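Engineer: Before anything else, here's the structure in question.
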Amino acid sequence: MKNVYIACGLTHVPREEFNGYAALIHALAATLHTRGIARVRYALRDSDPQLALRPAKDRARLCYEWDRDMVLWADVLVADVTYPSIGLGIELQIAAARATPTLLCFRHDERHRARPVEYRNPDASRHSLQIGEGYVSLMALGLPTVRQVIPYTSSDEAIQSVCAAMTNPIVLSGE
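Structural data, given as structure tokens:
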């Protein structure tokens, strides 16, 4: 059984999507656990509720420490990157520095896709911003520890796909 940290960006989830997104993260964690695939930790259960009980002046430091410690504890990082987040990027980098196998998953629908953009540099040259397919940052996709990228269109599909990847030793070993 693997130790899995489910990383996700929460700060900028549109409020009308928050409850559904939180339900997905809870359901993914429960499914990985009940199928005997993993011991799971994640911020919605293992750090955010506890932060609310701490003095405001300590919350930022504790958030960093507790979430970092969960990444360090993990054998595998499952990162839902549907909603970009600075904290999620830090967690991905901590995992990469430790060579922790990482699965990137994201909701694949037009609401979450960045539109192409053109820009001009001071030398008057014109360029298209390199955003790949517009769902996941190229820098995140380029992390050497990413073992699989999992687009999904429904919560059920996300859970099934992540569970399938977690039972594939080739995916998790990176061979």
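Sequential numbering of the sequence shown, starting at 1, is according to UniProt numbering. Glycine included, each C-beta is placed from N, C-alpha and C at the ideal position. This structure is a prediction, so every number in the text was calculated from the model and none was measured.
1. Less than 9 Å between the C-beta atoms of Thr153 and Asp109, yes or no?
2. What is the C-beta distance between Thr31 and Ile131, in whole angstroms, given that I count them as a contact (C-beta under 8 Å)?
3. Where are the alpha helix (DSSP H) runs, 4 residues long or more, that stay fully inside the stretch 140-173, in chain order?
4. Excluding sequence positions up to five away, which residues of its chain have a Cβ less than 6 Å from the Cβ of Gln148?
5. DSSP three-state label for Ala79, please.
6. Taking 9 Å as the threshold (C-beta atoms), are Ala96 and Thr145 in contact?
7. Compute the distance between the beta-carbons of Ile90 and Tyr119, then report whether it is under 9 Å.
8. With H, G and I counted as helix, E and B as strand and the rest as coil, what does DSSP make of Val4?
9. So the beta strand (DSSP E) Val40 belongs to, where does it begin and stop?
10. Going by DSSP, which residues form a beta bridge with residue 184?
11. With DSSP collapsed to three states, give me the class of Glu133.
12. Within 8 Å, do at least three Cβ pairs link the stretch 81-90 to the stretch 131-141?
13. Contact defined as beta carbons within less than 8 Å: I believe Arg113 pairs with Gly134. What is the distance between those atoms, to the nearest angstrom?
Structural biologist: Walking through what the data contain:
1. Within the sequence shown, residue 153 is the residue found at index 153, counting from 1. Within the sequence shown, residue 109 is the residue found at index 109, counting from 1. Their beta carbons are under 9 Å apart, which means Thr153 touches Asp109 by this criterion.
2. Looking up residue 31 in the sequence shown gives position 31. Looking up residue 131 in the sequence shown gives position 131. Not confirmed; about 31 Å, so no contact.
3. 155-166 and 169-173
4. Here the question's residue 148 lines up with position 148 in the sequence shown. Counting only Cβ-Cβ distances below 6 Å, and skipping sequence neighbours, we find Leu103, Ala165 and Val171.
5. Residue mapping note: residue 79 aligns to position 79 of the sequence shown, counting from 1. If DSSP states are grouped into helix, strand and coil, Ala79 belongs with the strands.
6. As a working mapping, residue 145 is identified with position 145 in the sequence shown. As a working mapping, residue 96 is identified with position 96 in the sequence shown. Contact flag set, yes.
7. By 1-based counting over the sequence shown, the position of residue 90 is 90. By 1-based counting over the sequence shown, the position of residue 119 is 119. The answer is no: Cβ separation not under 9 Å.
8. Within the sequence shown, residue 4 is the residue found at index 4, counting from 1. Three-state result, Val4: strand.
9. Your numbering for residue 40 matches position 40 in the sequence shown. Start and end: Ala38 to Tyr42.
10. With the chain covering 1 to 175 only, the question about residue 184 has no answer from this structure.
11. Counting from one through the sequence shown, the residue named residue 133 turns up at place 133. Three-state result, Glu133: coil.
12. yes
13. Position 113 of the sequence shown, counting from 1, holds the residue named residue 113. Position 134 of the sequence shown, counting from 1, holds the residue named residue 134. Contact flag correct, Cβ pair sits at about 4 Å.
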